[in-house]
Structure formats: structure tokens, C-alpha cells
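For reference, the structure discussed in these notes is given below.
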Amino acid sequence: MDAEVKKAQGTRPREGTAKEMEGLDLESVIERARGHDAEALGEIYRRYVRRVFGLCRYMLDSRESAEDATGEVFLKLQRSIESYDGSIPFPRWLLRVAGNQCIDALRRRQRGRQVIVEVEDATVIEAPSSELSPLGAVISTEERTQVRDAIARLAVNYRVPLVLRYYGELSYDEIAQQLDLKKNYVAALIFRAKQELRRKLTHGSK
Amino acid sequence: MECYSELTCAIFVDGELGIEEARRLQDHVATCQRCRELVDALRAENRILGESLHELPEEAGSPASFSWLRTSWVWGDLAALAAVLALVSIFSAWVEKLRIPEALEWLNPFSVNGLTNLIFNLSYYFAHGGTAMLADYAAVVGGLFLLLGGGALLLGRRWRLQQSGLRLLIVLLTMSLPSFALERRHGEFVTVAANETVDDTLLAAGNNVRMEGVVNGDLLVFARTLEVRGTVKGDVVSFAKRTVVSGTVEGRIYNFSQSLDLDGQLGHSIYGWVQSLRVDSRGHVGDSILVGAGDVTLEGEVKRSATFFAGNAEVSGSVGRDLTMAGGSLTLPSTARVGGNLTARVRHLKNVEIADGATIAGKRDIQVRVRKSQFTRPRFYFYQAIWLAAAMLVGWLGLVLVPGFFEACTQAVGSGWRSFGLGFGTLVVVPVTIIVAAITLVGIPVSFMLLAMYLTAIYLAKIWVGAFLGRALLKPAKVTKRDSLLGLLVGLLILGIVGFVPYLGGLIRLVVLCLGLGAFSWQLYRSSRLAITT
């Protein structure tokens, strides 16, 4: 098996086949990637590297660690792609893998402790509902940059679920599974993350 | 009915509420305006969140450092990369140095200030014969231009940006031309009167240039004779046949002329390539001297070090620090004073004469250079290998980019006497044209371009001849790219080896240069005529 992987890595993608890959639909590319076709793996890399890197960049603090994590995701893909069964869309599956990778990285940094620990009194402080979210008024690119900056400044326990939900488009269940938390707690975390974000944005703009 | 909490609404909007509860909430929202507004606001918030996140920040957009699957590097990529690097480095260097002396750096691929040393060293080591030196010098400048041109072409090919590539080249060329505030004067006699002050940089061209007043900027001169009796606050760059400085120059003197006489005061250093350099007993150099010269006479004072690559050097004045000399002979009469070490590299020990009265504070280091020694040093072979690899790379570029032209040039070498004659003519006439063009101010850009082309052509000469020679010897049945490259390798190897044969080598190099240059010129002429007729 290992030898096979090495062989696959060693095969150099030729330009002709790479071009031919571009036009291929996702299913066939994945099918070929399962057979350790280096060109197909390269094509997957080409199509999704930006999205995977984006997720890692949001979840981890530095560009370097995000690059490392991205590299890891695609390296592991050569083996893990076999476990992809087609029950969910491939991009979502890939982002789930990437999310796991990042959580592992975060966990390693905390010496094996859980990234987000469930606090007993998981009561949600409700924001006064009359006050509409400042996010509703965000239209311009500049404002979107502000939103991204605010997200980057969120604490890990808010940032990670928020990014997994709205960038990775994972379900509450998937996030809960990855973070080893209860689904309700994930919902509360995401909710509080948004409240925190609103607070940051209203304070930031004043 | 009671309204739902914001959390529940948020979970609903995320599509995570249980089916039953979701239906109930939906029904409620249909009737309750407050909850409807809340749900709408939360939806909008989610949308903005998603959009903001998916719009990756700039730096995240280019995960450049992954290379695990990027294994399809081909030579073309490497060449393009090299070309880009060369372009960037040259471009940035030129942007940085738009001051006047540096504008003349077309003559010198390195910076005069920092690396003059290197270039003189290089030319000295290579300078056994005139043509050999010229060819090596051409290798540097010509190689640079080839890389530039080839890079632009290659980039154009690969990314179909031929036009942009050309434009880039044009921008590069314009950047390198003098584009600063300066005062120009030309005529038979150009004079700056004693009571006159020029505030800008002065560019003077003429037969005789006499400077008695004050120039606050730099002084750049193309002339037969230049006399500086007044004061130049900046640098003096002289291409005059004869340069006499009896006034004051506060900056440096860059001199490329037949003779330079310094009777006056110089604030900094002298850099130059002259037939004869003389620092009179009244002359004072505030910093150092670094020159390649036929004869050097130093009677005055040099505050710091003096370095000569000279045929004959006589130092009767004083040198504040080290005196370094390489070349023919060195004489130090009893009046000589050297504050630091004395280093001399000569052919024979008897060529160094140091009078008993001469003071040398530091060590005396006199090395006798044995000419043949270069063949025993590994460095020599290393440089030769690099030379060969560079030539092969250029040849390969030629074969890939302009196969037709390459082929035609190679065949044109075969015409023998015509090529030789034409080449010899080109070799002699072009430098004259360059000088004439440079003197008529307007022609300075033209002269720079001509010079660049000239040096490039000199560099290319051996490649055409090498390719021709290789083909003549190997006689391949069919001319493929591989055969051509192999032929080129064989030809270049033979030329390289033959070029080192004593006495005969220089002559052979000259013949090769003329043949190649002739073939190239002939082909250029033909293709330009072809372009006109079509």
C-alpha cells in the first residue's frame, strides 16, 4: 500500500493529461483519484486548495500553520479519499477533513486537551432582540473586511464553530462530532459567537 | 402565542431545528411581525457572514508554498523563472539608481561604487589579449541582455503576452536612459567661466571642455580634452581622451579615457580605465584610487588605499593605507611612503624595485604569478564549466525561440571570408559609431543600445561558430534539436580548448569572433531586408 502511494507520487503529471482533467466532472476525477492517480489528485488539489487553505487560515492563527495544515490535508487525501462514500457532497466532506486537521493542530498546541471545553452553565444570554444585527447593513467590501477582521479576533471557542458553520458549511451535528461537544452546546456557541461579533462590530464602528 | 427566543430563531435559520418545531415556528412567523423581522435579520446576517468569509483575504488567496504535487517543472518554467528573476533584479537596480553616473552603467553591468573592484579584477584575470578580454566582458553584459530579451520572449510565448513583454522591455530601456534634470551644453569649445555657477548636473560634449567656474551637481563629459580648473561639487564622469583636473572635485572621478592628470584636490576616489594616470606632486586624493591603467605615476598623496592593475606603476608620493598592484612592474623610489601593506603581483621578481629609503609601514607581499598556473587550479575549470553551461543555455534558448534564425546564422558562418570580413568590419566600425553617437548628445540612447547589441553579438559569436563547427564535424544525417545541441557542445568544447593554446589561441579567438559576428550581422541585415520587402 505504501509502495503504491509512493508510486502514485512519483508519477509526473504530464501537461496533456492535466489539461484533459480540467474538463472532467468531479465524480470521474474522484474515481480516478481513488485509484491513486496522481493527476487526478493534482486536479482535486487545484480545484479545492483555496477553499481548504481559507478554512485553515480562519481556524489557525498563523499563515504558516494554515499552510502546514493544508499540506497535511492533501497529503492525507491520497489515503483518506478511499473512505469517501459519496453520501455527502465532496467539497463538504473535504472541508470536514480539513476542519478535523485544524482541530487536531489546535489540540496539539494545547498539549492534547480539548479545544473547546463545555462549561456546565451553558446558559445563553439573550441579546435584546429589538436591536437588529449590525451585520444586516454590511454591504461594501471594506465592511466585509471588517467582518473578517472581527472574526479573526474572536476567541477560539467562538471562532472555530462559527467558521466551520459558515465557511465550511458543516451541520451542527458534524461540528459537535468534530469538537466532541453536544449539539445544543454547539448551537449556543455559534449563537454567542454571533453576539460577540455584533458587539465587536458595533464597538469597532463607533 | 408566545414569541420564540432569538436562539431558537437562529437555530431555525441555520436549518437545524427539528422538523416539528420548525413547522410551528414557521406558522408563528407568518402571523408575528416582530419574529418575522428577527428571522429576516438573522438570515441576512448569515448571508453576510458567509459572503464575508468566502471572500478570502489577499494573502490567503495564494497558498504559494505548497509544492508536493507541483512536480511538472519543465525547463521552460525554469527559464521563465530565471528570466523573471533577472528582470526583477535589473529593474529594481535601475529604479534605484537614476542618478547620473549610474546612468552610464550600461557600460558596466555592476555598480561602479561597490563592485568596480570586481569588474577590474575580472577583466584583469581574463585580460591576456584584447579580444579575449572583450569577449569575456561581453559575456557578462551580453548574457544579461540575452536573458532579458529571451526572458521577455519566453514569457510572451508561454502566456501569450508578447506585447506586454515587449512593452516591459521598452519601459526597461527608457528607465535606463538619463531622465533627470540636467543642463546640456555642446559645441566645439564648451566653457564654464570662472564667475559662473551651474546648479544642476552638467552634461558637456565637444572638442574641448574647460571648466573654470563651479558645478554644484555632477559633471559628465564626452570630449577630446577636459580641463577642470574650477570646482565640481559632485562627481566627474569623463569620457574625454585627455582629462586634466587642476581644480577641486569634491566627489569622485570616473574616468574612461586615454589619460588622466590630477594636479588638484579630489574629495573621494578615482575609478577608471585609462592609458596613463598621473597624480602630480600637488595632487591630493581624499579617498582611494582603483584603476586599470597602462602607466601609473603617483607623485602626490592618496589618503587611503591605492589599487592598480597596471603595466607600469611608479609611486614616489604617499599612500595612506595599502598599496596593491598587479601587472607588469612596480617602482618605489626613496621618497615613497606606504602607510599600510604593500602587495604586488608581477610576472618576475625583478620587476619590483623598492628603493632603500622607501617607507612601508606594513607587510611587503610580492607574489610572482606564473602564467600557466591557471590550468592547475580547480577554480579555472569551474569557471570554464560555468562558461560552457551558460553558452549551452543560450544556444538552447536560441534553438527554441528562433530556430530559423539560429540555423541561418550557423550556415552563414560557412561562407568563410565574407563572414570574416564583415565581422572584422563590424568589430571595428561599431565602437566608432557608438562613440560618435554618444558625442552628439541626441544619440546617447542610441549609443547605449548599440553598445548593448554589440556586446550581445560578441557573446553570441562563438555560439554560431561552435554550432557550425560541431555540425561540420559530426555531420548528422538529419538536423534535429538534439543533434544541434550536441553539435554545439562539441563545437564549443573544441573552441574553448583551442582558445587556450599559447599565442595561437588569441588569434583563433579573434577569427572566431569575426566569423560569428559577421554571420550574425549578415543574417540580421538579411532578415531586416526581408521584413521590409514583405
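Those protein sequences? They're chains A and B, same order as listed.
Just so we're aligned: 168 in the numbering used here is position 168 of the first sequence, and the numbers increase by one with no gaps anywhere.
Just so we're aligned: 1305 in the numbering used here is position 305 of the second sequence, and the numbers increase by one with no gaps anywhere.
The C-beta atom is built at its ideal place from N, Cα and C for all residues, glycine as well.
Quick caveat: nothing in here was measured; it's all calculated off a predicted structure.
| Check | Outcome |
| --- | --- |
| Verify the CB distance criterion: does S171 of chain A have a CB-CB separation below 8 Å to chain B? | yes |
| Check the Cβ-Cβ distances between F90 of chain A and every residue of chain B, and say whether any is below 8 Å. | no |
| In terms of residue numbering, what span does the beta strand (DSSP E) encompassing R1210 of chain B cover? | 1201-1211 |
| Please return the same chain residues whose Cβ sits closer than 7 Å to the Cβ of L1406 of chain B, not counting the five positions on each side in sequence. | Sequence check: residue 1406 of chain B is Phe here, not Leu. Excluding positions up to five away in sequence, the list reads G1398, L1399. |
| Can you find a CB in chain A that lies within less than 8 Å of the CB of I1011 of chain B? | yes |
| Helix or strand or just coil, what does DSSP make of V1501 of chain B? | coil |
| Within 8 Å (strictly less), CB to CB, does G1499 of chain B reach chain A? | no |
| Which residues in chain A have a C-beta closer than 8 Å to the C-beta of I1019 of chain B? List them in chain order. | Result: empty, since nearest Cβ-Cβ is about 14 Å, beyond 8 Å. |
| Kindly indicate which three-state DSSP category H1054 of chain B falls into: helix, strand or coil? | helix |
| Out of B:F1309, B:G1339, B:G1317, B:K1363, point me to the one whose CA is closest to V1346 of chain B's CA. | B:F1309 |
| Against Y58 of chain A, what residues of chain B qualify as contacts under a CB-to-CB distance less than 8 Å, listed in chain order? | L1053 |
| According to DSSP, is H1186 of chain B helix, strand or coil? | strand |
| Give the secondary structure of V997 of chain B by DSSP, where H, G and I count as helix, E and B as strand, and everything else as coil. | Given that chain B is displayed from residue 1001 to residue 1534, the structure contains no residue 997 of chain B and the question cannot be resolved. |
| Tell me the rounded alpha-carbon separation between S62 of chain A and N157 of chain A. | 17 Å |
| Does the distance from the C-beta atom of T1331 of chain B to that of D1365 of chain B stay below 8 Å? | no |
| Does the beta carbon of V147 of chain A sit closer than 8 Å to a beta carbon anywhere in chain B? | yes |
| Within the region 84-113 of chain A, note down every full beta strand (DSSP E) run reaching 3 residues or more, in order along the chain. | none |
| Measuring straight from C-alpha to C-alpha, what distance separates L1460 of chain B and V1296 of chain B? | 35 Å |
| Measuring straight from C-alpha to C-alpha, what distance separates S1318 of chain B and G1286 of chain B? | 12 Å |
| Is any beta-carbon of chain A found at less than 8 Å from that of G1267 of chain B? | no |
| How far does the alpha helix (DSSP H) with F74 of chain A in it reach, from first residue to last? | 63-80 |
| N1046 of chain B versus chain A: which residues are under 8 Å apart at the beta carbon? | Y166 |
| Kindly indicate if chain A contains any beta-carbon less than 8 Å away from that of E1016 of chain B. | yes |
| Quick one: give me the first and last residue of the beta strand (DSSP E) that L1226 of chain B is part of. | 1219-1228 |
| Using 8 Å as the limit for Cβ to Cβ distance, is I40 of chain A near chain B? | Residue identity differs from the one stated: residue 40 of chain A is Ala in this sequence, not Ile. No, A40 of chain A does not count as interfacial toward chain B. |
| Can you find the residues in the same chain that come closer than 6 Å, C-beta to C-beta, to A1306 of chain B, ignoring five residues on each side of it along the sequence? | I1289, V1319, L1323 |
| For the region 1462-1490 of chain B, enumerate the residues whose C-beta is nearer than 9 Å to any C-beta of chain A, in chain order. | none |
| Rounded to a whole number of angstroms, what is the C-alpha to C-alpha distance between L1450 of chain B and L1260 of chain B? | 27 Å |
| How would you list, in chain order, the residues of chain B whose beta-carbon sits under 8 Å from the beta-carbon of V163 of chain A? | L1053 |
| On the criterion of 16 or more Cβ atoms from any shown chain inside 10 Å, does G1470 of chain B qualify as buried, or is it exposed? | buried |
| For T1456 of chain B, name the three-state secondary structure that DSSP assigns. | helix |
| Would you please verify whether the beta carbon of G1061 of chain B is less than 8 Å from any beta carbon of chain A? | At G1061 of chain B the pLDDT is 47, less than 50, meaning the model places this residue with poor confidence and gives no usable figure here. |
| To the nearest angstrom, report how far apart G1050 of chain B and R1023 of chain B are at their CA atoms. | 25 Å |
| Mind pulling the beta strand (DSSP E) runs of 3 or more residues that sit fully within the region 1290-1348 of chain B? | 1306-1315, 1323-1332, 1342-1346 |
| Measure the alpha-carbon distance for S1329 of chain B versus G1292 of chain B and round it to whole angstroms. | 14 Å |
| With distances taken from CA atoms, which of B:G1362, B:I1497, B:E1301 is nearest H1268 of chain B? | B:E1301 |
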